[in-house]
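Okay, so the sequence shown: first residue is 0 according to the working numbering, each after it adds one.
Virtual Cβ for every residue (Gly too), placed ideally from N, Cα, C.
Structure, as structure tokens:
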Amino acid sequence: METVEVHPLSFSSESWPFADPINTLAYASGQVLNGSPILLVFHDHDGEWQFLTGEDREECKIICLGCAFERDAALAGLAAMPIGWMAYRASIDKSWQCEPYEDSDGVED
């Protein structure tokens, strides 16, 4: 698992819910980075995380897992989501729904 440069975040390390380190490399769409809500999350088959709005039409940017959590603390509910699974919700006030998904090679975990 790759990591990115460490930088200050506003939450305490004691509140970190993920097994992956805070500075684990992750991806977010430009829409998420511009303030749109995270409504779709992939824990990719290679172990990487993607944070999307569900209507993303542009390439993702590299962020750290901690930056995603800082944007939306409700991601704590996905901390134990297995590799090869995705989560989605209709809006930020709705619960996450999780399910396995097939990767681009047609493999399902």
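Check	Outcome
Can you tell me whether Asp108 is buried or exposed? The criterion is at least 16 other CB atoms within 10 Å of its CB, across all chains shown.	Confidence at Asp108 is low in this model, with a pLDDT of 47, below 50, so its placement is unreliable and no value can be given for it.
With DSSP as the reference, label Ala89 as helix, strand or coil.	coil
Between the region 60 to 80 and the region 10 to 21, are three or more C-beta pairs nearer than 8 Å?	yes
Grab the span of the beta strand (DSSP E) containing Leu39 for me, first residue to last.	Leu39 to His42
To the nearest angstrom, how far is it from the Cα of Glu13 to the Cα of Leu39?	26 Å
With a cut-off of 8 Å, does the C-beta of Cys63 fall near any C-beta of chain B?	Among the chains of the structure shown, chain B does not appear; only one protein chain is present.
Using the beta-carbon count (16 or more within 10 Å), is His42 buried or exposed?	buried
DSSP state of Ala18, grouped into three classes?	coil
State the beta-bridge partners of Trp84 as determined by DSSP.	His42 and Pro99
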